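Accompanying notes for the structure given below.
So, in structure tokens, the structure goes:
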């Protein structure tokens with residue numbers, strides 16, 4: 145029934161607002177072409193009152209970052225009893241906390257890199273583990289605040305303990321895994337496919353690599369052996385299910401094949417609100433699996449529910 149009224153939540157007030165505006169616009173435009181009645185909602189603190197008055201049939205959540213993908217907006221939608229896309233309260237909150245998500249994934253048999261959670265001030269003058277390692281904010285997305293500490297560095301980068309740091313005082317320190325950047329989209333209970341991300345002019349898949357046109361090259365499907373391809377699909381689905389994700393998610397991996405083709409596959413995190421911008425990975429992976437952008441979004445709208 146394409147006459148459904150869909151409210152597309154976009155923008156918001158996290159550091160990922162520009163990404164959400166881009167995702168939301170692309171999704172709203174495509175859903176209109178699919179025949180849905182669409183209302184664009186640039187989210188502010190009064191979003192509960194706005195939605196209560198609007199009374200949409202479904203909310204398409206195109207928010208990114210804190211509030212949008214950490215269980216907060218999901219709780220508001222549960223309270224309002226409005227069906228919504230993507231994951232529910234618990235899975236969203238869990239996936240947003242990188243360390244807790246890793247513990248759940250590891251318990252389900254998904255390989256992860258060794259890590260520890262600490263205060264950024266505790267590591268500003270002394271290495272918390274032998275380099276190379278990565279420092280990540282525990283509750284941020286889009287690679288905001290990610291710092292790679294390379295072999296041979298005498299001390300952690302000063303920015304971690306400086307007043308310029310704006311990503312919270314709790315950070316996760318994780319062993320750096322050499323190798324290739326791979327990602328796998330999951331749609332419902334199906335792992336769609338694996339894409340390799342090759343940053344162009346960047347040392348890793350940072351914010352600009354993700355969202356600036358030409359910032360990275362995508363190989364879809366990834367040029368890896370069939371057994372590694374299948375292994376990554378299996379692990380992505382396992383993580384999706386263990387964390388309790390719903391709808392569409394995307395798991396990121398590192399694959400170190402420097403010494404052998406079987407190499408080391410390590411799961412990094414699951415993204416419960418993957419980007420839907422013109423340069424985003426999930427639409428590209430879905431297209432290769434035979435789902436047009438409009439088909440993908442329509443499936444997400446029809447899949448929407450409460451108590452997710």
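Residue numbers (this note's numbering): 145 to 452.
By construction, the Cβ of each residue, glycine as well, lies at the ideal position given by its N, Cα and C atoms.
As the structure is a computational prediction, the values presented were derived from the model and not from experiment.
{"Query": "Decide if residue 124 is buried, meaning its Cβ has at least 16 other Cβ atoms within 10 Å, or exposed.", "Result": "Within the shown structure, residues of the chain are numbered from 145 to 452, placing residue 124 beyond reach of any answer."}
{"Query": "Please report the distance separating the alpha-carbon of residue 350 from that of residue 340.", "Result": "For residue 350, the predicted structure reports a pLDDT of 42, less than 50, and the residue's modelled location is therefore unreliable. A value from the coordinates is still provided. Taking the straight line joining both Cα atoms gives about 14 Å."}
{"Query": "Take every Cβ of the stretch 378-385, pair it with every Cβ of the stretch 248-265, and state whether three or more of those distances are shorter than 8 Å.", "Result": "yes"}
{"Query": "Quick check: the stretch 216-226 against the stretch 168-181, are at least 3 beta-carbon pairs closer than 8 Å?", "Result": "no"}
{"Query": "Per the DSSP calculation, residue 262 is bridged to which residue(s)?", "Result": "315"}
{"Query": "Just the Cα atoms here: how many angstroms apart are residue 352 and residue 162?", "Result": "For residue 352, the predicted structure reports a pLDDT of 47, less than 50, and the residue's modelled location is therefore unreliable. The matter cannot be settled from this model."}
{"Query": "Grab the span of the beta strand (DSSP E) containing residue 281 for me, first residue to last.", "Result": "277-281"}
{"Query": "Nearest CA to the CA of residue 416: which residue from 214, 189 and 201?", "Result": "214"}
{"Query": "Assuming residue 240 is part of the alpha helix (DSSP H), what are its boundary residues?", "Result": "233-240"}
{"Query": "Roughly how many angstroms lie between the CA atoms of residue 320 and residue 182, to the nearest whole one?", "Result": "43 Å"}
{"Query": "Measuring straight from C-alpha to C-alpha, what distance separates residue 355 and residue 160?", "Result": "With a pLDDT of only 44 at residue 355, under the threshold of 50, the placement of this residue in the model should not be trusted, and no figure is reported."}
{"Query": "Since residue 217 is in the alpha helix (DSSP H), which residue starts that stretch and which ends it?", "Result": "216-224"}
{"Query": "Is the beta carbon of residue 203 closer than 8 Å to that of residue 226?", "Result": "yes"}
{"Query": "Cβ atoms of residue 318 and residue 278: under 8 Å apart, would you say?", "Result": "yes"}
{"Query": "Let's test the definition: count the other Cβ atoms within 10 Å of the Cβ of residue 229 and tell me whether it reaches 16, buried, or not, exposed.", "Result": "buried"}
{"Query": "Find the nearest neighbour of residue 196 within the set 151, 271 and 167, judged by alpha-carbon distance.", "Result": "151"}
{"Query": "If you drop the 5 nearest sequence neighbours on each side, which residues of the same chain put their C-beta closer than 7 Å to that of residue 164?", "Result": "154, 155, 156, 206, 207, 208 and 212"}
{"Query": "With C-beta atoms as the reference, is residue 440 less than 8 Å away from residue 427?", "Result": "yes"}
{"Query": "Residue 368 by DSSP, collapsed to three states: which one?", "Result": "coil"}
{"Query": "Could you compute how far the alpha carbon of residue 200 sits from the alpha carbon of residue 224?", "Result": "11 Å"}
{"Query": "Measuring straight from C-alpha to C-alpha, what distance separates residue 231 and residue 267?", "Result": "34 Å"}
{"Query": "In terms of residues, what are the limits of the beta strand (DSSP E) holding residue 337?", "Result": "334-343"}
{"Query": "Taking 8 Å as the cut-off, decide whether the C-beta atoms of residue 387 and residue 245 are in contact.", "Result": "yes"}
{"Query": "Measuring only the C-alpha atoms, how far is residue 420 from residue 393?", "Result": "12 Å"}
{"Query": "Is the Cβ-Cβ distance between residue 432 and residue 364 less than 8 Å?", "Result": "yes"}
{"Query": "Just to confirm the assignment: which complete alpha helix (DSSP H) runs, minimum length 4, are found wholly within the stretch 396-450?", "Result": "425-432 and 437-447"}
{"Query": "Return the Cβ separation of residue 399 and residue 326 in integer angstroms, given the expectation that the two are a contact with Cβ distance under 8 Å.", "Result": "5 Å"}
{"Query": "For residue 286 and residue 166, I'd like the C-alpha separation in whole angstroms.", "Result": "Residue placement at residue 286 is poorly supported in this model, since its pLDDT is 49, which falls under 50; the coordinates are not used for a value here."}
{"Query": "May I ask which residues mark the beginning and end of the beta strand (DSSP E) holding residue 360?", "Result": "360-363"}
{"Query": "If distances are taken between C-alpha atoms only, which option among 283, 333, 324 and 299 comes closest to residue 312?", "Result": "283"}
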